[in-house]
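Take 169 as the starting number for the sequence shown in the numbering used here and just add one per residue. Heads up, the thing below is written out as structure tokens.
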Amino acid sequence: MGRRSGDNCRVVGPALPERRGLTGWEGVGAVRSVAAVWEGNRLRNRVCRRLSAVVVLTGVLVTGCASTESFGDATVFGAAGQAEVVAGLDRLIAEDHLPGAQVVVTERGQVWTAHAGLGDIERGTPIADDARVRIGSNTKPFVATVVLQLVAEGKVELDAPVERYLPGLVHGPGIDGNRITVRNLLQHTSGLPEYAAEFGSEAKPRQVDMHADRVRWGITDIHAVVRDVLTLPADFEPGAQWAYSNTNYAIAGLLVEQVTGGSLGGEIARRIIEPLGLRDTYYPDAEETDIRGPHPVGYAVLGDARVDYTRQNVTAAGAAGAMVSTGADLNRFFTALMRGELLSPDQLSEMKQTVPLPVSGPPAGYGLGLMYRRLPCGKDSWGHGGDIDGFETRGGVTADGRAVTVSVNQVPETAQPTADVMKVVDAALCAAN
Numbered sequence: 169m170g171r172r173s174g175d176n177c178r179v180v181g182p183a184l185p186e187r188r189g190l191t192g193w194e195g196v197g198a199v200r201s202v203a204a205v206w207e208g209n210r211l212r213n214r215v216c217r218r219l220s221a222v223v224v225l226t227g228v229l230v231t232g233c234a235s236t237e238s239f240g241d242a243t244v245f246g247a248a249g250q251a252e253v254v255a256g257l258d259r260l261i262a263e264d265h266l267p268g269a270q271v272v273v274t275e276r277g278q279v280w281t282a283h284a285g286l287g288d289i290e291r292g293t294p295i296a297d298d299a300r301v302r303i304g305s306n307t308k309p310f311v312a313t314v315v316l317q318l319v320a321e322g323k324v325e326l327d328a329p330v331e332r333y334l335p336g337l338v339h340g341p342g343i344d345g346n347r348i349t350v351r352n353l354l355q356h357t358s359g360l361p362e363y364a365a366e367f368g369s370e371a372k373p374r375q376v377d378m379h380a381d382r383v384r385w386g387i388t389d390i391h392a393v394v395r396d397v398l399t400l401p402a403d404f405e406p407g408a409q410w411a412y413s414n415t416n417y418a419i420a421g422l423l424v425e426q427v428t429g430g431s432l433g434g435e436i437a438r439r440i441i442e443p444l445g446l447r448d449t450y451y452p453d454a455e456e457t458d459i460r461g462p463h464p465v466g467y468a469v470l471g472d473a474r475v476d477y478t479r480q481n482v483t484a485a486g487a488a489g490a491m492v493s494t495g496a497d498l499n500r501f502f503t504a505l506m507r508g509e510l511l512s513p514d515q516l517s518e519m520k521q522t523v524p525l526p527v528s529g530p531p532a533g534y535g536l537g538l539m540y541r542r543l544p545c546g547k548d549s550w551g552h553g554g555d556i557d558g559f560e561t562r563g564g565v566t567a568d569g570r571a572v573t574v575s576v577n578q579v580p581e582t583a584q585p586t587a588d589v590m591k592v593v594d595a596a597l598c599a600a601n
């Protein structure tokens, strides 16, 4: 998701030039808008660092605490890079006042993990190395991958109108499913209005208030949500601009189910999770509110209070942001995706055809459920990012095979903490071996 309940940053760009392809394969962070400012109580700076490289040798789990143990002949990256990453995590706690933060770096079969702060404030415990978190809009690349697999199977055409697959659904003021393509959905160039109300702001008519008790604890009918929000006028003509809208992926999820006859979660599991062996990744069942397995407490700031928001029904997030995973599993997914383990060369090339994002700084672009970003060190990166109440995840993959995921157990209330999360991502992706 976005805009506080996920990743729906409402950045609207200029008219789009011709799509461009980007060479290499790499990682990313998500663009996000400035959210409402909050003045919260400072979390006491209880920084607990745990640096570990993990390997299973003859069934024995080897892990190091406050060390840089590794296996094989090479470390993930050098001591200077590790120190920079750890210092960045510490700043997230001491200066940005986030409860806890974790980074997972994988490269050449090695895993290096560090964390700061607390996974559970009340108990005073850190975030576990294998902690599962809600990944918000990092769900979108999974959905886009399934759609592109359906394209390869001849069941979906990227430039076919959505009306072909979901007749009668995508219609409203200035909205015509005969003119909006599957590509428009995956690339956020459809002009469809946003269904999820921005965090900290009052829901507009026809939008979903993500903090209403009925949404947090009840099962949301996404068909009804889509029909409701499409009574609002279109934001722009299809293909004319780029604007992040979770509605695009809500519809993409419905398309997958219509074409396959199965559930979206089932298709993601069968096509991605099981083949890659992502044991800590899943799409929650409709009735679920808990996170399965080890996980930190996810916090949200509502008014002046930091509250436990771990338990929630995520059917309102759905295809736009419902999934649960770990840093290690996300790294595995993005690495496999960029190596062509999930998509044919043609489909991966389509996924990496980007439109420019209206951001300052180094070049950035959005493909089909995938973001491109030029790193400060000059490397290119591919990935996404995700926010949902309680959690934020950012990361990326670079062409040299390094993958990074940073997770925090509270969605930042201003742009600065997210920028600082991205600095940790950059430091880890750019650090020398």
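Positions of the beta carbon are idealized from the N, C-alpha and C atoms, including for glycine.
Residues sharing a beta bridge with residue i, DSSP
i	result
ASP555	GLU560
LEU340	According to the sequence provided, residue 340 is Gly. The question's Leu does not apply to it. GLY340 pairs with ILE343.
ALA296	Paired residue(s): none; ALA296 is not in a bridge.
ASN492	In the sequence under discussion, the amino acid at residue 492 is Val, which differs from the Asn named in the question. According to DSSP, VAL492 bridges with ARG302, TYR450.
PRO329	THR349
DSSP three-state assignment for residue i, whether helix, strand or coil
i	result
HIS391	helix
SER549	strand
ALA380	coil
ARG291	coil
VAL565	strand
ALA364	strand
CYS487	Residue identity differs from the one stated: residue 487 is Ala in this sequence, not Cys. Helix.
ASP396	helix
Buried/exposed call for residue i, threshold 16 Cβ in 10 Å
i	result
GLU455	exposed
SER517	exposed
GLY546	exposed
LYS520	buried
ASP264	buried
ASN416	buried
LEU211	Low per-residue confidence applies at LEU211: pLDDT is 24, beneath 50, and the placement is therefore not dependable enough to give any value.
HIS552	buried
GLU560	buried
GLN426	exposed
TRP385	exposed
ASN577	buried
LYS591	buried
HIS463	buried
ALA485	buried
ALA504	buried
LYS323	exposed
ASN601	exposed
Limits of the unbroken beta strand (DSSP E) element including residue i
i	result
ARG542	539–542
ALA312	That residue, ALA312, is in no beta strand (DSSP E); its alpha helix (DSSP H) goes 307–320.
VAL572	571–576
Boundaries (first-last residue) of the alpha helix (DSSP H) holding residue i
i	result
GLN604	Outside the modelled stretch of the chain, which goes from 169 to 601, sits residue 604, for which no answer is possible.
ALA251	247–262
THR586	583–598
GLN278	Looking at the DSSP string, GLN278 is not in any alpha helix (DSSP H); the run it does join, the beta strand (DSSP E), is 278–285.
LEU353	350–355
I'd like the ranges of any alpha helix (DSSP H) spanning at least 4 consecutive residues and lying wholly in the stretch 494–533.
495–506, 513–519
In chain order, which alpha helix (DSSP H) runs of at least 4 residues are fully inside the stretch 411–483?
Fully enclosed alpha helix (DSSP H) runs of 4 or longer: 414–428, 432–436.
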